[in-house]
Amino acid sequence: VKDASRIATQELRDALEKEVKKTVDDSLGAIARPKRVHFVTGLPKTRSGKMLRRSIQALAEGRDPGDLTTIDDQSTLEQIRQALAS
109 VKDASRIATQ ELRDALEKEV KKTVDDSLGA IARPKRVHFV TGLPKTRSGK
159 MLRRSIQALA EGRDPGDLTT IDDQSTLEQI RQALAS
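Using our numbering, the letters of the sequence shown map in sequence onto residues 109 to 194.
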């Protein structure tokens, strides 16, 4: 019974991942479908609210995310690093 919530959460994540892939497939085509979907609690943004897309892309490609002096919450990048490593 201890693992019931963990199993339910994983099943929900798997279902959501399939739904995201299908939505991308239907909207943009198979060429844009992600191989894997990672779930994080937040995305890196500047203090003014702009998303740091280049930093996310750099982490996905294994590069240094560059200048992050304007980032609002540094922990979001660490969450992305951990998600990509798993």
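Backbone N, C-alpha and C define an ideal beta-carbon position, used for all residues, glycine too.
Please classify ILE139 as buried or exposed, where buried requires at least 16 neighbouring CB atoms within 10 angstroms. Position 31 of the sequence shown, counted from the first residue, corresponds to residue 139. Counting Cβ neighbours within 10 Å, ILE139 comes out exposed, since fewer than 16 surround it.
How close, in whole Å, do the beta carbons of PRO152 and ILE179 come, if the pair is a contact with beta carbons under 8 Å? Residue numbering aside, residue 152 sits at position 44 when the sequence shown is read from its first letter. Residue numbering aside, residue 179 sits at position 71 when the sequence shown is read from its first letter. So it is a contact: roughly 6 Å between Cβ atoms.
Express the C-alpha separation of GLY174 and ALA168 in angstroms, rounding to a whole number. Taking the first residue of the sequence shown as position 1, residue 168 is located at position 60. Taking the first residue of the sequence shown as position 1, residue 174 is located at position 66. For ALA168 and GLY174, the distance between alpha carbons rounds to 13 Å.
For SER156 and ASP181, what's the separation of their Cα atoms in angstroms? One-based indexing of the sequence shown puts residue 156 at position 48. One-based indexing of the sequence shown puts residue 181 at position 73. Those two C-alpha atoms are separated by around 12 Å.
By the three-class DSSP mapping on this structure, what secondary structure does LYS130 have? Locating residue 130 in the sequence shown gives position 22, counting from the first residue. DSSP, reduced to helix, strand and coil, places LYS130 within a helical segment of the structure shown.
May I ask you to report which of helix, strand or coil DSSP gives THR184? Within the sequence shown, residue 184 is the residue found at index 76, counting from 1. Here THR184 sits in helix by DSSP.
Please say whether LEU192 and HIS146 have beta carbons closer to each other than 8 Å? As a working note, residue 146 is residue 38 in the sequence shown. As a working note, residue 192 is residue 84 in the sequence shown. Taking 8 Å as the Cβ cut-off, HIS146 and LEU192 qualify as a contacting pair.
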